[in-house]
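Chemist:
Residue numbers (the numbering used here): 354 to 728.
1. Apart from the five residues just before and just after residue 719, which ones in its own chain have a Cβ nearer than 8 Å to its Cβ?
2. Any heavy atom of the ligand ZN closer than 8 Å to the CB of residue 646?
3. Out of 394, 428, 654 and 587, which one is the CA nearest neighbour of residue 695?
4. Is it true that the CB of residue 506 sits closer than 9 Å to the CB of residue 387?
5. Can you list, in chain order, the residues of its chain with a C-beta nearer than 7 Å to that of residue 589? Leave out the 5 residues immediately preceding and following it.
6. Rank 661, 643, 662 and 519 by C-alpha distance to the C-alpha of residue 653 and give the top, closest one.
7. Could you please give the first and the last residue of the uninterrupted beta strand (DSSP E) stretch that includes residue 536?
8. Tell me the DSSP bridge mates of residue 575?
9. Using the three-state DSSP reduction, which class does residue 434 fall into: helix, strand or coil?
10. May I have the straight-line CA-CA distance separating residue 681 from residue 526, to the nearest angstrom?
11. Can you tell me where the alpha helix (DSSP H) holding residue 516 begins and where it ends?
12. For the beta strand (DSSP E) that residue 498 lies in, which residues bound it at each end?
13. Between 370, 431, 667 and 494, which has its C-alpha nearest residue 477's C-alpha?
14. Have a look at residue 623 and residue 465 and give me their C-alpha separation to the nearest angstrom.
15. Where residue 294 and residue 398 are concerned, what is the direct C-alpha to C-alpha distance, given to the nearest angstrom?
16. Could you compute how far the alpha carbon of residue 445 sits from the alpha carbon of residue 611?
17. For residue 698, which three-state DSSP category applies?
18. Contact between the region 373–382 and the region 507–516 is defined here as three or more beta-carbon pairs at a separation below 8 Å; is this criterion met?
19. Since residue 358 is in the beta strand (DSSP E), which residue starts that stretch and which ends it?
20. Cα-Cα, which of 472, 659 and 405 is closest to residue 441?
21. Pair every Cβ in the region 630–650 with every Cβ in the region 580–588, then say whether three or more of these pairs are closer than 8 Å.
22. Would you list the residues sitting across from residue 599 in a DSSP beta bridge?
23. Output the distance between the C-alpha atoms of residue 648 and residue 380, rounded to the nearest integer angstrom.
24. In this structure, how does DSSP classify residue 471 when only helix, strand and coil are distinguished?
25. Would you say residue 604 faces chain C, with C-beta separation under 9 Å as the test?
26. For residue 634, report the span of its alpha helix (DSSP H) as first-last.
27. So for residue 677, helix, strand or coil by DSSP?
28. Does residue 624 come out as helix, strand or coil in the three-state DSSP assignment?
29. Output the boundary residues of the alpha helix (DSSP H) element that contains residue 533.
30. Which word fits residue 724, buried or exposed, when buried means at least 16 other C-beta atoms lie within 10 angstroms of its C-beta?
31. With distances taken Cα to Cα, identify the nearest neighbour of residue 563 among 692, 532 and 366.
If you want it as C-alpha cells, here you go:
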C-alpha cells in the first residue's frame with residue numbers, strides 16, 4: 354500500500370507543492386511525483402517573482418486578488434519560512450504613446466474588475482522610483498502588487514507539506530495515467546505504479562502529452578524564458594517592475610541582487626540534452642532593454658543566468674479543471690508564464706476540487722473544454 358494515496362500529484366512545482374500542502378491540511382494522504390531529481394527544478398523556482406494583479410487577463414484577476422488579500426500577507430508565518438514577500442506596488446512602464454495606449458487599456462480593464470490601479474505620468478513614476486530614466490513618460494501603478502522569492506516559496510510549500518506527511522518522490526518520470534473502470538486511477542512511472550482516488554496533473558508543458566493519452570488536448574506550446582541575476586546592490590527600490598513593451602520585468606531581492614526576466618527572441622538550446630540555455634547574445638540583448646529604463650545599472654555585473662520553458666496556452670489563460678470524460682483527473686497547467694503569483698490561490702482551489710468541495714472562487718473560465726467548437 355506504500356504506493357497508494359488519496360491524491361496523486363504529478364509535478365512538484367509551486368502549484369503541485371501548494372496543492373499538496375492544502376490537501377494535507379485537510380487530512381488527505383498525498384504522493385507527489387517529480388520527474389527531475391530536484392524539487393521545483395522548472396519555472397517555479399526560476400522566474401521574476403511577480404505577485405501582481407495588474408496586467409492580468411480579467412479571468413485571472415479574481416485569483417490574483419484573492420491571494421494578495423487573503424494568503425500572501427501571512428504566507429511566511431503559515432509556512433514557517435520567509436518567502437521574501439514585498440507588497441510595495443507594481444510599476445508597468447511606458448516610453449511611447451503606443452506604450453501608454455497599451456497600459457491605459459490594461460488599467461481600464463483591471464479597474465473595471467475592482468482593482469486599485471491607475472495611470473500616472475513620468476514624473477510621478479520617478480517620484481515612486483527615482484532611478485527611472487527620463488525616457489519613461491508614463492506608467493500604470495498598482496500599490497497592492499508586489500513580489501516574492503519563487504525558489505523559497507516553492508521550497509516552503511514542499512517543506513511544510515512534508516511535515517504534514519506528504520510523500521515526495523523525485524526522479525520519477527510519469528509515463529502514463531491509467532484508467533480503471535473508466536476512472537483515472539493509476540500513475541505509471543518507469544519504476545512503479547501509484548494509485549489514488551484523484552490525480553492532479555500539474556506538470557507544465559509535459560501535461561499536454563500525458564493528457565492526450567486520455568483523449569484530452571490542452572492547446573499549449575513551449576516558449577523560452579530567460580532570467581538574469583545581478584551582483585548585490587545597496588537597497589534601491591522594492592517595487593515590482595514591468596513594461597508595456599515586455600522588454601523585461603523583475604525586482605530587487607532581499608539579498609540586494611536584481612532579478613530580471615525577459616526574452617531576446619533567440620531560443621538557444623543545448624543540443625546534447627535539450628536543456629534550454631542562455632548565451633552572451635541573449636543576455637546582452639535583455640540588458641540593453643533594461644538599461645533604457647534604468648541607466649544606473651549599466652555597470653552592474655550579471656552573476657548568473659538561466660533559461661526555462663513556459664507552458665503557454667492558446668488564450669494565455671491556464672487550465673484549472675476536472676475532466677468530465679476522465680473522472681478522477683484534474684488538470685492544472687498552461688499557466689503561460691504568470692502562474693507563480695496565483696500559485697497559493699490555485700493550490701487552495703485544487704485542494705477543494707480534489708475533495709469535492711464547493712470552490713472558494715468560480716473556476717468555470719478555466720475549464721479544459723473551453724476550446725471546443727460551439728455547436
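Virtual Cβ for every residue (Gly too), placed ideally from N, Cα, C. Remember, predicted model here, so these are calculated numbers, not experimental data.
Modeler: In this structure, then:
1. Apart from sequence neighbours up to five positions away, the residues of its chain that approach residue 719 with a beta-carbon distance below 8 Å are 412, 670, 671, 672, 673 and 674, ordered along the chain.
2. Because no ligand of any kind appears in the structure shown, any question about the ligand ZN cannot be addressed here.
3. It is 428 whose Cα lies nearest to the Cα of residue 695.
4. Their beta carbons are not under 9 Å apart, which means residue 387 does not touch residue 506 by this criterion.
5. Within the same chain, Cβ atoms closer than 7 Å to the Cβ of residue 589 are found at 484 and 605, the five residues on either side in sequence being excluded.
6. Minimum Cα distance to residue 653 is reached at 643.
7. Unbroken beta strand (DSSP E) run through residue 536: 536–542.
8. Here residue 575 is bridged, per DSSP, to 664.
9. In this structure, residue 434 counts as coil in the three-state DSSP scheme.
10. In this model, residue 681 and residue 526 are separated by some 20 Å (Cα to Cα).
11. 503–516 is the extent of the alpha helix (DSSP H) around residue 516.
12. Judged by DSSP secondary structure, residue 498 falls outside any beta strand (DSSP E); it is assigned neither H nor E.
13. Of the listed residues, the one whose Cα sits closest to residue 477 is 494.
14. Because residue 623 sits at a pLDDT of 49, beneath the cut-off of 50, its placement in the model cannot be relied upon, and the following sentence gives the value as read from the coordinates. Each residue's alpha carbon lies about 45 Å from the other.
15. Outside the shown range of the chain, which is 354 to 728, sits residue 294, and nothing can be said about it.
16. Each residue's CA atom was taken as its position, placing residue 445 and residue 611 some 17 Å apart.
17. In the three-state reduction of the DSSP assignment, residue 698 falls in the helix class, which pools H, G and I.
18. Flag = yes, the region 373–382 and the region 507–516 touch.
19. Counting along the chain, the unbroken beta strand (DSSP E) around residue 358 starts and ends at 357–363.
20. With distances taken between Cα atoms, residue 441 lies closest to 405.
21. The region 630–650 is in contact with the region 580–588.
22. Paired residues: none, contrary to the question.
23. Rounded to whole angstroms, residue 648 to residue 380 spans 52 Å at the Cα level.
24. Per DSSP, reduced to three states, the secondary structure at residue 471 is strand.
25. Among the chains of the structure shown, chain C does not appear; only one protein chain is present.
26. Unbroken alpha helix (DSSP H) run through residue 634: 633–646.
27. Coil at residue 677, not helix or strand.
28. Any answer about residue 624 is weak, because its pLDDT of 48 lies below 50 and its placement is not dependable; what the coordinates show is given next. Per DSSP, reduced to three states, the secondary structure at residue 624 is coil, with no helix or strand assignment.
29. Residue 533 -> not in any alpha helix (DSSP H); beta strand (DSSP E) instead, spanning 527–533.
30. Residue 724 should be labelled exposed.
31. For the residues 692, 532 and 366, the minimum Cα distance to residue 563 belongs to 532.
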